[in-house]
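There are 2 protein chains.
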Amino acid sequence: MAEPGDQTSIRSRGRPNRRQAAGAIEAATIIAGVERRIPTYDLLSEVSLQTIEDAAELILEEIGIEFREDHESLDLWRGAGADVVGELVRFPKGLLRSILKSAPSMFVQHARNPARSLKIGGSHVVFAPAYGSPFVRDLDGGRRYGTLADFENFVKLAYSIPWLHHSGGTVCEPVDIPVNKRHLDMVAAHLRYSDKPFMGSVTSAERAEDSIEMTSIVFGRDFIDQNCVILGNINANSPLVFDATMTGALKVYARANQGTVIVPFILGGAMGPVTTPGAIAQSLAETMAGCALTQLVRPGAPTIFGNFLSSTDLRTGSPTFGTPEPALGSLVVGQLARRLNLPIRCSGAFTSSKVADAQALNESAVSMLAAVQCGANFILHSAGWLEGGLTMGYEKLILDADFCSALHTYVTGLSIDPNQMALDAFREVGPGKHFFGCAHTIANYRTAFWESEISDNNSFEQWRDAGEQDALTRANARWKKLLAEYKKPPLDPAVDEALAEFCAQKKSERADQWY
Amino acid sequence: MAEPGDQTSIRSRGRPNRRQAAGAIEAATIIAGVERRIPTYDLLSEVSLQTIEDAAELILEEIGIEFREDHESLDLWRGAGADVVGELVRFPKGLLRSILKSAPSMFVQHARNPARSLKIGGSHVVFAPAYGSPFVRDLDGGRRYGTLADFENFVKLAYSIPWLHHSGGTVCEPVDIPVNKRHLDMVAAHLRYSDKPFMGSVTSAERAEDSIEMTSIVFGRDFIDQNCVILGNINANSPLVFDATMTGALKVYARANQGTVIVPFILGGAMGPVTTPGAIAQSLAETMAGCALTQLVRPGAPTIFGNFLSSTDLRTGSPTFGTPEPALGSLVVGQLARRLNLPIRCSGAFTSSKVADAQALNESAVSMLAAVQCGANFILHSAGWLEGGLTMGYEKLILDADFCSALHTYVTGLSIDPNQMALDAFREVGPGKHFFGCAHTIANYRTAFWESEISDNNSFEQWRDAGEQDALTRANARWKKLLAEYKKPPLDPAVDEALAEFCAQKKSERADQWY
Chain A
7 MAEPGDQTSI RSRGRPNRRQ AAGAIEAATI IAGVERRIPT YDLLSEVSLQ TIEDAAELIL
67 EEIGIEFRED HESLDLWRGA GADVVGELVR FPKGLLRSIL KSAPSMFVQH ARNPARSLKI
127 GGSHVVFAPA YGSPFVRDLD GGRRYGTLAD FENFVKLAYS IPWLHHSGGT VCEPVDIPVN
187 KRHLDMVAAH LRYSDKPFMG SVTSAERAED SIEMTSIVFG RDFIDQNCVI LGNINANSPL
247 VFDATMTGAL KVYARANQGT VIVPFILGGA MGPVTTPGAI AQSLAETMAG CALTQLVRPG
307 APTIFGNFLS STDLRTGSPT FGTPEPALGS LVVGQLARRL NLPIRCSGAF TSSKVADAQA
367 LNESAVSMLA AVQCGANFIL HSAGWLEGGL TMGYEKLILD ADFCSALHTY VTGLSIDPNQ
427 MALDAFREVG PGKHFFGCAH TIANYRTAFW ESEISDNNSF EQWRDAGEQD ALTRANARWK
487 KLLAEYKKPP LDPAVDEALA EFCAQKKSER ADQWY
Chain B
7 MAEPGDQTSI RSRGRPNRRQ AAGAIEAATI IAGVERRIPT YDLLSEVSLQ TIEDAAELIL
67 EEIGIEFRED HESLDLWRGA GADVVGELVR FPKGLLRSIL KSAPSMFVQH ARNPARSLKI
127 GGSHVVFAPA YGSPFVRDLD GGRRYGTLAD FENFVKLAYS IPWLHHSGGT VCEPVDIPVN
187 KRHLDMVAAH LRYSDKPFMG SVTSAERAED SIEMTSIVFG RDFIDQNCVI LGNINANSPL
247 VFDATMTGAL KVYARANQGT VIVPFILGGA MGPVTTPGAI AQSLAETMAG CALTQLVRPG
307 APTIFGNFLS STDLRTGSPT FGTPEPALGS LVVGQLARRL NLPIRCSGAF TSSKVADAQA
367 LNESAVSMLA AVQCGANFIL HSAGWLEGGL TMGYEKLILD ADFCSALHTY VTGLSIDPNQ
427 MALDAFREVG PGKHFFGCAH TIANYRTAFW ESEISDNNSF EQWRDAGEQD ALTRANARWK
487 KLLAEYKKPP LDPAVDEALA EFCAQKKSER ADQWY
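Keeping their order, the protein sequence lines are chains A and B.
The opening position of the first sequence corresponds to residue 7 in the working numbering, with each subsequent residue numbered one higher.
The opening position of the second sequence corresponds to residue 7 in the working numbering, with each subsequent residue numbered one higher.
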């Protein structure tokens, strides 16, 4: 059982010591989330929010949601007072809100290094890397299928970057490992190469159970029954369907008192209407249903109100990301989730660009700022996302993580206090002089401004003489440096061996499946 | 006198017809600004705002502002009740706020094509291209000094792009023309190659007068005495100085009832303190003083409350742009300016990047979103800015302008009405089906989602087979296409000739100055 107390942990909340992290990032720099001290950006009025909530209730009551091939879930709904006909469940007005009262508004996801445990909810913000891409891309090798080696690289990179608080889940698909066995290697990699919180498998109930079983090797069974140590990301099959794979995993996580993130995946025009307010109402209905199901399985189990809204290029049918409509949608989803008193998951560094170019970082900035401004507590896909989620980018991860660093400063806001007002500096400097050497500057410059680890702020001549590198090229050097300098966090050798034995045993019991 | 009524004008407010603009942009597509229908993002509380206002008043009263080598301005201040000692002016508490009451909260800047006249103030948002760079850059030729040919190209591009409502001012420095003559060519280019509103020279009182004189050839002297047809961008010499060049131009514009934009240029740590709240207080003091001076010259003259906050890389002293601190600063400046009831100018698509790469568009997105969210009415540097303003980029202009297009949709917000709620679509489609062909989609798809003119949303395979172009490469093709398709807006030949004669006459009167 690991109860690590042997690690130097610098727990920094709010504005971190940037100097420390800026030069050489050390894995010892621990930033356990960041607290949002700026207000949320509330887009809609009370009346408009009520209109959307009414629409969601109408969808739930009149149209309903299908829970496919899962009699247990249908029985739970029937028992809770829903109207169940075949696989279609209709919900009397107010039923889901009433069920959701037992869900915690905030919870702690424990890390195997306690200094990295994260509060999820309230004013806390957690950045996690992107999730689920079959492909990876870097500047040298271009685009290719992800492997376990890539997966482990991304776990190591997320561990090395203090601005990513969470190790994520399927940081890429290790397609060189059989489908029914790769979850074992993925969970082992998160536990072995990082000591940050992480996400487990949801692709079947069995794999979800394996994921949780592996955490019990590290945390102990008693601990995990009372504490959240792993999250499962549960997608609705929008519109208005949950399939048995997803509810199967949902039930495993909830029953074990582990966290679920309930996420309708709605591309407007495809899995939802082309009008954003309608898609928001649908998202609200689907998320409430998923979150409420966790409470029927185990009241009080932690669950996160997720959403994934995006738009569609209606000329081609291609999904689009980082566009204005989903950014507005996120702001509204934040308002709605707060009215339910649930932790919020929002969209991260989205883009449809194939490479980490101008398009990619513009779209990602729009999407990430909306996530932060809407009050999201858990921001999945904060770093690495390319090509609508089909590709995890090495350079993109670096560039996005640098923006996560900036957002630490952004969400911390401004302090209006005498030192910040700097009146003595004006008295010292006076009209027409500069502030470089004044006492106030000397006293404050160490923490004064956010510093990028990747931007080039040098003069044109310095930049030219250093080889005219663009951001993509600099990011390429950065991830290689981080991997080269990576140091594995300590793990009890007995625990490490037990994990390996568990994986070997499970693999030996099953024939390889490749799809 | 041009009173053009012979042009096809499609005046579109709010959400424009994107389809029309998306395919082939036509100069006939007229978007005279856009109205913000989303709330502003108000960062600070009433108490904190009051603290900043008190600090500004203290700076004004105790430290004061120097007005250098300009006895007329000092006399105006003395007459208004300020305490003038030498060139230092100290302002009794409340004096500037009292003077500013005569300034309009909104005004119209007239264009020679009336359909392109712009409201500046209230909920109106105007995007103008970047201003003042000595260099230009494109993907083919790299970085080089700007010429009059480049200047004319940027005027033509801004004319061709409907998302830029304004022709800007010194869209680049035409360094091939003598310093004391280039303003004539610049103003002529704005009037000849565009029919959008524009900005005139501020580099001397004489050049400001020439600029206004040229507008009188187009609009008529009586019209311009009663209406704003040109803006002058007046920088404070921060900290706490206005020099005679700037106040000289300020007085010319104000006396002629033309618009001024008063802009302190504060890089924290250099021309202001390293703490953002102090820099905001300084900016407030300086802007109030500049705007108030316009009112002493001519009460009621239009003036815009400007600001230009940025941070500094304190390791190197280099200015940084698009970082979190100035984004937060913009939100506060918006709140402060609204309390003064003045139109707001805010920072645009800032970056310190040398090229239009991932860094550039991330920084620009952060900066532009802050400008829009803070309620800015006039956003200078909305497109083209590179390298801290030293370079105007052809591709950057295209990429930024596309984001301006997105922001048209963003500021328009969401409509919460029955069509947008799409309940009939849910009734038609039901669980598990898709929305592509449903009646609601067919009725709404034309205006449903913002469409980029430059992003690639295609599949990886389509993108690969089309040559793996990044955004920079696509933008390169785009500006060339726009210039190739550019059609000059009609201008009365007699007016055109009178402008040419005026320029020739003025040039012949003066010996070339090159610095």
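All C-beta atoms, glycine included, are put in the ideal place defined by N, C-alpha and C.
What you are looking at is a predicted structure, and each value in this text was computed from that prediction instead of being measured.
- Within 10 angstroms of the beta-carbon of P135(A) lie 16 or more other beta-carbons, which makes it buried.
- Here the alpha carbon of E72(B) sits roughly 15 Å from the alpha carbon of L290(B).
- By the beta-carbon neighbour count (other beta carbons within 10 angstroms, threshold 16), R516(B) is exposed.
- Under DSSP, H414(A) shares a beta bridge with no residue.
- Our two residues, A472(B) and I404(A), have alpha carbons roughly 27 Å apart in a direct line.
- Note that the C-beta distance between I65(A) and F432(B) is below 8 Å.
- The stretch 413-429 of chain A makes no contact with the stretch 147-167 of chain A; the number of CB pairs closer than 8 Å stays below 3.
- A direct Cα-Cα distance of roughly 21 Å separates E491(B) from V142(B).
- In the structure shown, Y451(B) falls within a helical segment according to DSSP collapsed to helix, strand and coil.
- A distance below 8 Å between beta-carbons, with the five flanking residues on each side excluded, links R351(B) to the following residues of its chain, in chain order: V267, V269, I310, F311, G312, N313, A382, N383, F384, I385 and L386.
- Per DSSP, the continuous beta strand (DSSP E) segment holding K125(B) begins and ends at L124 to G127.
- Setting aside the 5 residues that flank it on each side, L302(B) is surrounded in the same chain by L82, A86 and I105, each with a C-beta closer than 7 Å to its C-beta; the list follows chain order.
- Rounded to whole angstroms, the separation of the alpha carbons of T300(A) and S108(A) is 10 Å.
- With contacts defined as CB atoms closer than 8 Å, G354(A) and S373(A) qualify as a contacting pair.
- For D182(B), no alpha helix (DSSP H) segment is defined, and its DSSP state is neither H nor E.
- Below the 9 Å Cβ cutoff, chain A contributes L429 and F432 as neighbours of I65(B), in chain order.
- Taken in chain order, the members of the stretch 236-250 of chain A whose beta-carbon sits within less than 8 Å of a beta-carbon on chain B are N243, P245, L246 and V247.
- Within chain A, not a single residue places a beta-carbon under 7 Å from that of D471(B); the smallest gap is close to 12 Å.
- Counting C-beta atoms within 10 angstroms of its own C-beta, P424(B) has fewer than 16 neighbours from the protein chains shown and is therefore classed as exposed.
- Judged by DSSP in its simplified three-state form, L94(A) adopts strand.
- When DSSP states are grouped into helix, strand and coil, D249(B) belongs to the coil group.
- For Q519(A), no alpha helix (DSSP H) run applies, since DSSP gives it neither H nor E.
- The criterion of a C-beta distance shorter than 8 Å is satisfied by L342(A) and L55(A).
- Annotation: Cβ neighbours of A412(B) in chain A (cutoff 8 Å, chain order): T329, P330 and V372.
- Contact between L334(A) and T282(A) is confirmed by a C-beta separation of about 6 Å, below the 8 Å threshold.
- Here DSSP, grouped into helix, strand and coil, assigns F327(B) to coil.
- The shortest CA-to-CA distance from N243(A) to any of I272(A), G147(A), S217(A) and W469(A) is the one to I272(A).
- Between Y165(A) and T415(A), the alpha-carbon positions lie close to 20 Å from each other.
- Close partners of I44(A) in chain B (Cβ separation under 7 Å): L49.
- Close partners of R149(A) in chain B (Cβ separation under 9 Å): F466 and R470.
- Listed along chain B are T326, S358, S359, Q365 and E369, each with a C-beta nearer than 8 Å to that of S461(A).
- Setting aside the 5 residues that flank it on each side, T293(A) is surrounded in the same chain by I268, P270, F311, G312 and N313, each with a C-beta closer than 7 Å to its C-beta; the list follows chain order.
- Taking 8 Å as the cut-off, the Cβ atoms of G275(A) and G284(A) do not count as close.
- In the DSSP annotation of this structure, the continuous segment of the beta strand (DSSP E) that includes G265(A) starts and ends at G265 to L273.
- With a beta-carbon spacing of about 5 Å, S461(A) and Q365(B) fall inside the 8 Å limit used to define contacts.
- Chain order gives the chain B residues near W456(A) as S317, T326, T329, P330 and E331, where near means a beta carbon separation below 9 Å.
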